[in-house]
Structures are given as C-alpha cells and as structure tokens.
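Peer 1:
There are 2 protein chains.
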Amino acid sequence: MNQTLGAWLEDLASEAPAPGGGAAAALSAATGAALVAMVCNLTIGKPRYAEHDQLMRDTLVEVTGLRAQALQLAADDADAFGAVSDAYRLPKDTDAQRQARSAAIQHALVGAAQVPLRTAAVAAAIIGHAERILDGANVNVLSDVAAAAASARAALDAATINVEVNLAAMKDASRRDALRAELDRHAEAATIAASIVGAVRDRVRG
Amino acid sequence: MNQTLGAWLEDLASEAPAPGGGAAAALSAATGAALVAMVCNLTIGKPRYAEHDQLMRDTLVEVTGLRAQALQLAADDADAFGAVSDAYRLPKDTDAQRQARSAAIQHALVGAAQVPLRTAAVAAAIIGHAERILDGANVNVLSDVAAAAASARAALDAATINVEVNLAAMKDASRRDALRAELDRHAEAATIAASIVGAVRDRVRG
Chain A
5 MNQTLGAWLE
15 DLASEAPAPG
25 GGAAAALSAA
35 TGAALVAMVC
45 NLTIGKPRYA
55 EHDQLMRDTL
65 VEVTGLRAQA
75 LQLAADDADA
85 FGAVSDAYRL
95 PKDTDAQRQA
105 RSAAIQHALV
115 GAAQVPLRTA
125 AVAAAIIGHA
135 ERILDGANVN
145 VLSDVAAAAA
155 SARAALDAAT
165 INVEVNLAAM
175 KDASRRDALR
185 AELDRHAEAA
195 TIAASIVGAV
205 RDRVRG
Chain B
5 MNQTLGAWLE
15 DLASEAPAPG
25 GGAAAALSAA
35 TGAALVAMVC
45 NLTIGKPRYA
55 EHDQLMRDTL
65 VEVTGLRAQA
75 LQLAADDADA
85 FGAVSDAYRL
95 PKDTDAQRQA
105 RSAAIQHALV
115 GAAQVPLRTA
125 AVAAAIIGHA
135 ERILDGANVN
145 VLSDVAAAAA
155 SARAALDAAT
165 INVEVNLAAM
175 KDASRRDALR
185 AELDRHAEAA
195 TIAASIVGAV
205 RDRVRG
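Chains A and B supply the protein sequences, listed in that same order.
The opening position of the first sequence corresponds to residue 5 in this note's numbering, with each subsequent residue numbered one higher.
The opening position of the second sequence corresponds to residue 5 in this note's numbering, with each subsequent residue numbered one higher.
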C-alpha cells in the first residue's frame with residue numbers, strides 16, 4: 005500500500021512468486037471498491053439524485069471499509085503463500101519428519117485458502133453494492149459503475165481459482181467441502197457483474 | 005506510476021472525476037501484463053519447459069512493452085478527460101462561440117476515445133499472450149495465467165464502455181463508425197479471456 009504503482013507492478017512481474025495472482029486479485033477488488041466510492045461521491049448532494057442520497061452515503065461507508073479489507077488481503081496473501089512454501093521446505097528424512105511436514109502443509113493450506121476466500125467475499129460484496137447503486141448513480145459516471153463491476157469480477161474469478169488450487173491439495177474432505185460450499189456462495193456475483201457491464205453498455209449505446 | 009497504491013486508490017475513490025474508470029482499466033491491463041511476465045519468468049530456464057523457452061522469452065519482451073504502454077494510457081486518460089471538460093466549459097454566448105465550442109468538444113472527444121481504444125487494444129493483446137503461453141506455462145503458476153486473463157478482461161470491458169461513451173457524443177458518423185469498427189476487432193478477446201479462466205479452473209479442479 006505504501007509501494008508505488010510502478011514498483012508494485014515490477015514486483016508482480018518478477019520471478020518472485022509473491023506478489024502474484026492473489027495479491028493482484030485483492031488489488032482489483034480494492035480498485036472496484038474505490039470506483040464505487042467515486043460514483044457515490046459524485047452522486048451525493050446532487051439535487052437530481054436526492055432520493056438516492058442516503059443509499060449513496062451508506063454505500064460509501066461500506067465500500068470504504070471493503071477497500072481497506074482488500075488492501076489488507078493483498079498483504080495477507082504474501083504471508084499465507086510464504087507459510088505454505090515454508091511448510092513444503094520442512095525436512096522429510098524420517099517418518100516423524102514426514103508426518104510433521106504433512107501436518108504443517110495441511111495447516112498452511114487451510115490458512116492460504118482463507119485469504120482468497122475472503123477476497124472472493126469482498127469482491128462479491130462490492131459487486132452487490134455496484135448493483136444497488138446502478139439505478140440511482142449520477143449518469144455522468146455510469147461507466148464507472150461498470151468499470152467497478154468488471155474490476156471486482158476479475159478479483160472474484162482470480163480469487164476463486166486460488167481457493168480451488170488450495171482445495172485441490174487439501175486432504176481433509178469435510179473441511180474442503182465446507183470451504184467449497186462457502187466459495188460457491190459467491191459464484192452468482194460473477195453473473196451479476198456481467199449483467200451490470202451489459203446493462204451499462206446498453207444504456208450508453210442508447 | 006510514482007504514486008503509492010494507497011494514494012492512487014484514494015484519488016480514485018475521491019469526487020475528482022479523474023482518475024476514474026479509464027485509468028483503472030489501464031491499471032488492470034498493466035496488472036495483467038505483469039502477471040503474464042511473472043509466469044514467463046517462472047517458466048524460463050526450467051528444463052521441464054525447455055521446449056517453450058523461446059515462446060516465454062519472446063512473450064516476456066512483448067508484455068513488458070505492453071505494461072509500459074498501459075501505464076502511459078493511465079496518465080493519458082486523465083489528460084484526455086481534462087481536454088473534454090475544458091471544451092465543455094468554453095463560452096457559448098454568441099453563435100461564433102457556440103460553433104467554436106462545439107468544434108472543440110468534437111475534437112476533444114476524438115482524442116478522448118483514442119485512449120480507451122488503445123487500452124482495449126493493449127488488453128486484447130495481453131489476453132492473446134495469456135492464451136499462447138497457457139499450454140507451456142509452469143503448472144505451479146497456472147492460476148496466475150487465469151488471473152492475468154481476468155484482469156485484462158476487466159480492462160477490456162471497462163475500456164470498451166469508455167469508448168462507447170465518447171462515440172455516443174460524437175457527431176461525425178464516418179469517424180464514429182471507423183472507431184466502432186476498430187473497437188469491435190477487440191471484442192473477441194473477452195470471450196478468449198473467459199475461456200482461459202474456464203480452462204485453468206477445470207485443470208485446477210482436476
């Protein structure tokens with residue numbers, strides 16, 4: 005968050021595996037939240053949109069919180085990735101070591117799955133806010149509602165795959181199924197995001 | 005580019021109309037390009053992927069150039085937006101002024117449409133690179149190919165709508181049609197991006 009955009013992109017492009025797709029997903033979510041906030045800021049206080057004023061004010065508070073969460077998740081992603089990598093590097097010479105290593109990997113995978121799962125939840129929440137403000141948004145920034153939805157959808161898609169990567173390596177079937185069920189709850193938001201983009205495009209084309 | 009991530013997001017969320025969805029789209033494209041570069045960097049030099057080495061090296065050069073272009077477009081977007089705003093603020097008290105103002109607006113709109121059009125082209129090119137490296141990419145970072153495609157698709161979707169916004173206000177039908185034809189050439193990339201995300205998800209799920 006205190007890194008410059010250029011330096012962050014340089015780190016992302018480098019052969020260091022973190023930051024990677026998980027952190028990029030979190031940044032996409034933060035970008036989506038910021039765009040929803042901009043639309044709220046440019047709608048609040050305008051007489052023409054007075055009836056939507058309270059919704060915009062409430063939404064602004066919510067997405068400001070979601071943006072902070074998303075930025076935290078970008079940092080958490082690198083930590084969780086490091087924990088999994090560290091566990092894979094544990095010694096495996098004796099049976100006791102192999103058992104300890106396997107347990108450590110499984111423990112780290114649960115933690116690593118939580119980060120993209122929370123990113124998916126944040127992205128889905130942002131898409132929900134974009135949907136709710138769509139009708140009352142200042143028409144001059146309607147395209148930014150679509151940009152917000154597109155950005156949050158990218159976050160959701162990438163986060164979903166990152167959860168799946170961790171689930172695929174997880175041995176505890178009941179925990180895996182519980183995490184997958186939680187993930188599936190956010191899947192519909194991708195469809196909603198696509199319909200927001202489509203609706204804005206139709207309105208812009210007239 | 006020299007701004008911190010936190011400050012950039014703060015500006016994006018503010019009631020200043022720029023940076024807005026156009027700059028966010030350009031950053032999404034840059035993020036997609038950086039993720040493709042990361043995958044190339046983590047595949048180059050690995051014996052297991054030797055047959056794809058040249059493709060990865062060539063792709064790395066291309067996407068590094070595309071990332072720089074995308075960052076430039078983020079800056080250009082604010083300038084183009086300012087030019088349109090300035091034109092709308094010209095005086096319109098006399099016929100001569102109204103004519104000059106209208107001509108200035110139309111001129112600025114053409115410039116403003118070029119920026120998201122170039123962003124769409126850059127995003128489509130990144131999706132093309134993601135598609136080409138998909139089969140030869142280090143399987144450990146396959147999810148990052150999907151994240152790259154998702155990010156570039158968000159850029160393409162948002163940029164497309166931003167071009168349409170400018171086209172809708174443009175009076176010169178032949179110029180409008182030419183720009184729309186150019187825009188339509190990039191539309192297929194959105195479908196390709198979706199199929200990359202789907203293919204990676206299927207492979208991860210196993």
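In this text, a Cβ means the ideal position worked out from N, Cα and C, and glycines have one as well.
For the ligand SAM, any of its heavy atoms closer than 7 Å to the Cβ of Y53 (chain B)?
Peer 2: This structure lacks the ligand SAM; in fact it carries no ligand of any kind.
Peer 1: Measuring CA to CA, which of A:A129, A:R205, A:S199, A:A162 is closest to Q73 (chain A)?
Peer 2: One-based indexing of the first sequence puts residue 73 (chain A) at position 69. Of A:A129, A:R205, A:S199, A:A162, the residue nearest in Cα terms is A:A129.
Peer 1: Please state whether DSSP places T47 (chain B) in a helix, a strand or coil.
Peer 2: For the purposes of this step, residue 47 (chain B) is taken as residue 43 along the second sequence, with counting starting at 1. Of the three classes helix, strand and coil, the one that applies to T47 (chain B) here is coil, per DSSP.
Peer 1: Short of 8 Å in beta carbon distance, which residues of its chain neighbour S32 (chain B), apart from the five on each side in sequence? Order them along the chain.
Peer 2: As a position in the second sequence, residue 32 (chain B) is number 28, starting the count at 1. Counting only Cβ-Cβ distances below 8 Å, and skipping sequence neighbours, we find A127, S155, A156, A158, A159, A162.
Peer 1: Looking at chain B, is there any beta carbon in it that lies within less than 8 Å of the beta carbon of D19 (chain A)?
Peer 2: The sequence position of residue 19 (chain A) within the first sequence is 15, counting from 1. Before going on, a small fix: residue 19 (chain A) reads as Glu here, not Asp. Yes - at least one Cβ of chain B is within 8 Å of the one on E19 (chain A).
Peer 1: Write down every uninterrupted run of the alpha helix (DSSP H) in the segment 118-189 of chain B whose length is 4 residues or greater and which is fully enclosed by it, in chain order.
Peer 2: Qualifying alpha helix (DSSP H) stretches, in chain order: 146-172, 177-188.
Peer 1: Looking at the C-beta of A211 (chain A), does it have a partner C-beta in chain B at a distance below 8 Å?
Peer 2: Only positions 5 to 210 of chain A appear in this structure, which leaves residue 211 (chain A) out of reach.
Peer 1: Taking A82 (chain B) as the reference, which of B:Q58, B:R180, B:A194, B:A117 has the closest Cα?
Peer 2: In the second sequence, counting from the first residue as 1, residue 82 (chain B) sits at position 78. Looking at the Cα atoms, B:A117 is the closest of the given residues.
Peer 1: Taking buried to mean at least 16 other C-beta atoms within 10 Å of its own C-beta, is E55 (chain B) buried or exposed?
Peer 2: In the second sequence, the residue the question calls residue 55 (chain B) occupies position 51. It is exposed - the Cβ of E55 (chain B) has fewer than 16 other Cβ atoms within 10 Å.
Peer 1: Using a C-beta cutoff of 8 Å, does E186 (chain B) count as contacting chain A?
Peer 2: Locating residue 186 (chain B) in the second sequence gives position 182, counting from the first residue. For E186 (chain B), the answer is no, since every Cβ of chain A falls outside 8 Å of its Cβ.
Peer 1: Taking V172 (chain A) and R180 (chain B) to be in contact with their CB atoms under 8 Å, please state how far apart those CB atoms are, rounded to whole angstroms.
Peer 2: Mapped onto the first sequence, residue 172 (chain A) falls at position 168. Mapped onto the second sequence, residue 180 (chain B) falls at position 176. The amino acid occupying residue 172 (chain A) in the given sequence is Ala; Val does not appear at that position. 48 Å between Cβ atoms; not a contact.
Peer 1: In three-state terms, what does DSSP make of T213 (chain B)?
Peer 2: Residue 213 (chain B) falls outside the range modelled here, since chain B spans only 5 to 210, and no answer is possible.
Peer 1: Shorter than 8 Å from the beta carbon of Q73 (chain B) to some beta carbon of chain A?
Peer 2: Within the second sequence, numbered from 1, the residue matching residue 73 (chain B) stands at position 69. Chain A, which has no Cβ nearer than 8 Å to the Cβ of Q73 (chain B), makes this no.
Peer 1: In this structure, how does DSSP classify E19 (chain A) when only helix, strand and coil are distinguished?
Peer 2: To locate residue 19 (chain A), count along the first sequence from 1; it is residue 15. Correct three-state label for E19 (chain A): coil.
Peer 1: Determine whether the Cβ of I165 (chain B) lies closer than 8 Å to any Cβ atom of chain A.
Peer 2: Within the second sequence, the letter at position 161 stands for residue 165 (chain B). Cβ-Cβ to chain A under 8 Å: yes for I165 (chain B).
Peer 1: Identify which residue in B:A30, B:T195, B:V40, B:V119 has its Cα closest to the Cα of T63 (chain B).
Peer 2: For the purposes of this step, residue 63 (chain B) is taken as the residue at position 59 of the second sequence. It is B:V40 whose Cα lies nearest to the Cα of T63 (chain B).
Peer 1: Let me make sure I understand the geometry here. Which of B:L121, B:V65, B:P23, B:V149 has the alpha-carbon closest to that of M3 (chain B)?
Peer 2: One cannot answer for residue 3 (chain B) here, as it falls past the ends of chain B, which runs 5 to 210.
Peer 1: What are the start and end residues of the alpha helix (DSSP H) that includes A193 (chain B)?
Peer 2: For the purposes of this step, residue 193 (chain B) is identified with residue 189 of the second sequence, where counting begins at 1. Looking at the DSSP string, the run of the alpha helix (DSSP H) that includes A193 (chain B) is 192-209.
Peer 1: Quick one: any contact between the segment 137-145 of chain B and the segment 7-16 of chain B, if contact means 3 or more CB pairs under 8 Å?
Peer 2: The answer is no - the segment 7-16 of chain B does not touch the segment 137-145 of chain B, with fewer than three Cβ pairs under 8 Å.
Peer 1: Return the chain-ordered list of same chain residues with a C-beta closer than 7 Å to the C-beta of Y53 (chain B), the five sequence neighbours on each side being excluded.
Peer 2: Against the second sequence, residue 53 (chain B) aligns to sequence position 49. Around Y53 (chain B): T47, G140, N142.
Peer 1: Shortest alpha-carbon distance to A27 (chain A) belongs to which of B:M42, B:G25, B:S18, B:Q101?
Peer 2: Residue mapping note: residue 27 (chain A) aligns to position 23 of the first sequence, counting from 1. Ranking the options by Cα distance to A27 (chain A), first place goes to B:M42.
Peer 1: Specify, as a first and last residue, the run of the alpha helix (DSSP H) that G69 (chain A) falls within.
Peer 2: Translated into the one-based positions of the first sequence, residue 69 (chain A) becomes position 65. 57-92 is the extent of the alpha helix (DSSP H) around G69 (chain A).
Peer 1: Could you work out which residues of chain C lie near V208 (chain A), taking near to mean beta carbons separated by less than 8 Å?
Peer 2: No chain C appears in the structure shown, which is made up of the protein chains A and B.
Peer 1: Which chain A residues sit within Cβ distance under 9 Å of G25 (chain B)?
Peer 2: Here residue 25 (chain B) refers to the residue found at position 21 when the second sequence is read from its first residue. The contacting residues are L39, M42, V145, S147, D148, V149, A150, A151, A152, A154, S155.
Peer 1: Suppose the cutoff is 6 Å on Cβ atoms and the five residues either side in sequence are ignored; what does the same chain contact list for A152 (chain A) look like?
Peer 2: Sequence index remark: in the first sequence, residue 152 (chain A) carries index 148 (1-based). If we look at A152 (chain A) and ignore the five residues flanking it on each side, its Cβ neighbours are G36, L39, V40, A134.
Peer 1: Would you mind giving the Cβ-Cβ distance between A91 (chain B) and R105 (chain B), rounded to the nearest angstrom? I have them listed as a contact below 8 Å.
Peer 2: Mapped onto the second sequence, residue 91 (chain B) falls at position 87. Mapped onto the second sequence, residue 105 (chain B) falls at position 101. Yes, A91 (chain B) and R105 (chain B) are in contact; Cβ-Cβ is about 7 Å, under 8 Å.
Peer 1: Can you tell me which of the three DSSP states T35 (chain B) falls into?
Peer 2: In the second sequence, residue 35 (chain B) corresponds to position 31, counting from 1. Note: T35 (chain B) maps to helix in three-state DSSP.
Peer 1: Between A:A191, A:N170, A:L146, which lies nearest to G115 (chain A) when the distance is taken from Cα to Cα?
Peer 2: Stepping through the first sequence from its first residue, residue 115 (chain A) is reached at position 111. It is A:N170.
Peer 1: Residues of chain A with CB closer than 8 Å to the CB of T63 (chain B), please, in chain order.
Peer 2: In the second sequence, residue 63 (chain B) corresponds to position 59, counting from 1. What T63 (chain B) touches in chain A: nothing, since even the nearest Cβ is about 12 Å away.
Peer 1: Please classify D99 (chain A): does DSSP put it in a helix, a strand, or coil?
Peer 2: Here residue 99 (chain A) corresponds to residue number 95 of the first sequence, with the count starting at 1. Reduced to three states, the DSSP call for D99 (chain A) is helix.
Peer 1: Please return the same chain residues whose Cβ sits closer than 8 Å to the Cβ of Q110 (chain B), not counting the five positions on each side in sequence.
Peer 2: One-based indexing of the second sequence puts residue 110 (chain B) at position 106. Only M174, K175, D176 meet the Cβ criterion.
Peer 1: Under 8 Å between the Cβ atoms of L187 (chain B) and T164 (chain B)?
Peer 2: Position 183 of the second sequence, counting from 1, holds the residue named residue 187 (chain B). Position 160 of the second sequence, counting from 1, holds the residue named residue 164 (chain B). In this structure, T164 (chain B) lies closer than 8 Å to L187 (chain B) by Cβ.
Peer 1: So which of A:D148, A:F85, A:A79 has the shortest CA-CA distance to A225 (chain A)?
Peer 2: Residue 225 (chain A) lies beyond the range of chain A shown here (5 to 210); nothing can be said about it.
Peer 1: So what does DSSP say about G24 (chain B), is it helix, strand or coil?
Peer 2: Taking the first residue of the second sequence as 1, we reach residue 24 (chain B) at position 20. Looking at G24 (chain B) - three-state DSSP - the assignment turns out to be coil, as it is neither helix nor strand.
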